[in-house]
Amino acid sequence: MYDNNPTLMGIRKEIDETKQGEVFFKETANDGGRHFYIESYGCQMNFSDSEIVASILSEVGFSPTRNMENADLILVNTCSIREKAEDTVRQRLRIFDKIKRNRPGTMVGVLGCMAERLKSKFLEEEKLVDLVIGPDAYRDLPNLVATAEDGEKGVNVFLSREETYADISPLRLDSNGVTAFISIMRGCDNMCSFCVVPYTRGRERSRDCYSIVAEAKDLFENGYREVTLLGQNVDSYKWQHPDTGEVVNFAQLLEMTALVHPDLRIRFSTSHPKDITDEVLHTMARHENICKYIHLPVQSGNSRVLNLMNRTYDREWYMNRVEAIYRIMPECAISSDIITGFCTETEEEHKDTLSMIEWANYSMSYMFFYSERPGTLAARKYEDDIPQDVKKRRLSEIVRLQNQVSFKHNQADIGKTFKVLIEGDSKKSDQHFKGRNTQNKMIVFPKVNGLKPGDYVRVKVNDATSATLIGEVSSEV
Ligand code: 5AD
Ligand code: SF4
């Protein structure tokens, strides 16, 4: 079981580290060519990166396969954010190694955040992999594969200050055909003391806004109805035109993508409380198709702990941002990431996090206990001094409270009617559709003739759990 996070609601792939990574599953016919198999772990950014990798590989004649036994190239796109994620990848590598032994010539590659951190370990100590490729080196994949085919190790973990893959059109293989991710920036310049991302993904850089809008248009023309703009800290998006000097900020980018088509929904993730501006909030309020949902990780509800975490805001600042959101968009839902048991956190400080969950009225949260990451500021400066059993107890208190708050949040929707974008069949029954409302709440409802994924429909909510709304198609406007 995922020990960091026992009862997550609204499971996001990002943090569900128990299961096997997601696998692309649309296969092309077996054409006798070479095949790659890719598993992805970690954040949505990693999933988006795997689509870039798939695109680069398809250019050089590789087609995707969902069957690792048939693959000439097995790739695992890795996450370093918590120790558990790394452990899962190590286990997968042992399984891939068995396949390699049964099928000599099969190449195995490690992509993403663990590549930079552990390249020498993978290549020298463990000898499990042929390729190690960091998140900014995917263009080099074809060369590195050729190197590995010649029996050498293919390694490139160079972190770039420019690479945004702006010109690469991602291969949307693992798709419902309705919702897609668009990566708008890479890296992170914040130095949250617990976080390994600035070391594994490098400096922050923003992608050309026109290539983002073109990608959104292309998706819309291909039937997609929702895009999520992705970055580690989207609110600090800033792109400058190299010729004209024109500067585009995140609020402006949001507006540009919202104008692609009123039927294209726009979401974004992740927002940093220090950077989210009223301009962004007013832009959201102005456009019906920018979803009224903000993922605004608080991490801790206590100002001293936030200072140790180097989050650069305090409790009051965070509360001010939440107040601004509810003032400008009363119907907006807010979700959070929470770390409990950070170095030196006291019981009183833990209670501040609990009270924040209630005060901010989060629709949901991703909750973790602190896991020290080598090389981070916290690992160098502070002792990881909260005993494991205390961390677990605090986490279970947080999860329990968030469950109650989510339940109330959802119960308050009973009787309301929402515009829902149909994403596909519900997990439990092919007689039901699932879709989301603007607040990012999943709604399940019985199918009605004539409706299909990609359609918008009004759904009246009749019931709710802490994770899902249950409803029926409504004729009310
Ligand atoms: N320990 C526990 N949780 C962490 N996160 C990031 N680093 C750590 C860590 N060392 C969490 C944060 C972040 C989310 C993506 O992962 O809450 O927002
Ligand atoms: Fe890590 Fe903080 Fe950057 Fe998020 S904003 S990726 S938590 S350093």
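Going by our numbering, the sequence shown runs without a break in its numbering and finishes at 566. All C-beta atoms in this analysis are idealised placements derived from N, C-alpha and C, irrespective of residue type, glycine included. None of these values were measured; they are calculated from a predicted model.
Do we get a CB-CB distance below 8 Å when we pair R290 with the residues of chain B? Considering every chain present, this structure includes no chain B. It has just one protein chain.
How big is the Cα-Cα spacing for K210 and E436? For the purposes of this step, residue 210 is taken as residue 121 along the sequence shown, with counting starting at 1. For the purposes of this step, residue 436 is taken as residue 347 along the sequence shown, with counting starting at 1. Spanning the two alpha carbons is a distance of roughly 39 Å.
Just to confirm, is the Cβ distance from I487 to T442 under 8 Å? The residue labelled residue 487 in the question sits at position 398 within the sequence shown. The residue labelled residue 442 in the question sits at position 353 within the sequence shown. Yes, they are a contact pair.
How big is the Cα-Cα spacing for D352 and N378? Residue mapping note: residue 352 aligns to position 263 of the sequence shown, counting from 1. Residue mapping note: residue 378 aligns to position 289 of the sequence shown, counting from 1. If I take the Cα positions, the gap works out to 7 Å.
Check the C-beta distance from Q133 over to S358 and give it rounded, since I have them as a contact under 8 Å. The residue you call residue 133 lines up with position 44 of the sequence shown. The residue you call residue 358 lines up with position 269 of the sequence shown. About 7 Å separates the two Cβ atoms, so the contact holds.
For W328, list the residues DSSP reports as bridge partners. Residue mapping note: residue 328 aligns to position 239 of the sequence shown, counting from 1. Beta-bridge pairing links W328 to V337.
6 Å Cβ shell around N492 - same chain, five flanking residues per side excluded: Translated into positions along the sequence shown, residue 492 becomes position 403. Taken in chain order, the residues that qualify are S555.
Could you spell out where the beta strand (DSSP E) holding P153 opens and where it closes? In the sequence shown, the residue the question calls residue 153 occupies position 64. Segment F151 to P153, the beta strand (DSSP E) holding P153.
Looking at C-beta atoms only, is the number of pairs between the stretch 407-417 and the stretch 470-487 that lie closer than 8 Å three or more? no
Quick one, what's near the ligand SF4 if you take every residue whose CB is closer than 6 Å to any heavy atom, in chain order? C277, N279, C281, C284, V286, P287, Q321, N322 and H361
In the DSSP assignment, the alpha helix (DSSP H) including A71 goes from what residue to what residue? With the chain represented from 90 up to 566, any question about residue 71 goes unanswered, as that position is not in the structure.
E252 to I170 span [Cα, whole Å]: As a first step, residue 252 must be located in the sequence shown, where it is residue number 163. As a first step, residue 170 must be located in the sequence shown, where it is residue number 81. So the alpha carbons of these two residues sit roughly 22 Å apart.
With DSSP as the reference, label R250 as helix, strand or coil. Along the sequence shown, read from residue 1 onward, the residue named residue 250 stands at position 161. Shown here, R250 sits in coil according to DSSP, grouped into three states, outside any helix or strand.
So, S139 versus I127, is the Cβ gap smaller than 8 Å? Indexing the sequence shown from 1 puts residue 139 at position 50. Indexing the sequence shown from 1 puts residue 127 at position 38. Contact flag set, yes.
Going straight from the alpha carbon of D219 to that of G198, what length do you get? Taking the sequence shown and counting its residues from 1, one reaches residue 219 at position 130. Taking the sequence shown and counting its residues from 1, one reaches residue 198 at position 109. The alpha-carbon atoms of D219 and G198 are separated by roughly 6 Å.
Entirely within the stretch 177-254 and at least 3 residues each: give me those beta strand (DSSP E) ranges in chain order. 196-201, 220-222 and 243-245
When the Cα of Y130 is compared with those of C202, I184 and V387, which residue comes out closest? As a position in the sequence shown, residue 130 is number 41, starting the count at 1. Nearest of C202, I184 and V387 to Y130, Cα basis: C202.
Across the stretch 331-343 and the stretch 363-381, are there enough close Cβ pairs to call them in contact, namely three or more that are closer than 8 Å? Contact between the stretch 331-343 and the stretch 363-381 is present, because at least three Cβ pairs lie under 8 Å.
Could you pull out every residue in the same chain whose Cβ sits closer than 7 Å to the Cβ of H384, ignoring the five residues on either side in sequence? Locating residue 384 in the sequence shown gives position 295, where the first residue counts as 1. Counting only Cβ-Cβ distances below 7 Å, and skipping sequence neighbours, we find S358, T359, S360 and S424.
Can you tell me whether Q388 is helix, strand or coil according to DSSP? Numbered from its first residue, the sequence shown carries residue 388 at position 299. Three-state result, Q388: strand.
Let me make sure I understand the geometry here. Which of T268, S444 and G524 has the alpha-carbon closest to that of L490? Within the sequence shown, residue 490 is the residue found at index 401, counting from 1. When only C-alpha atoms are compared, the closest one is S444.
For the candidate residues I511, L248, R228 and R192, whose alpha-carbon lies nearest to that of V149? Locating residue 149 in the sequence shown gives position 60, where the first residue counts as 1. For V149, the nearest C-alpha among the options comes from R228.
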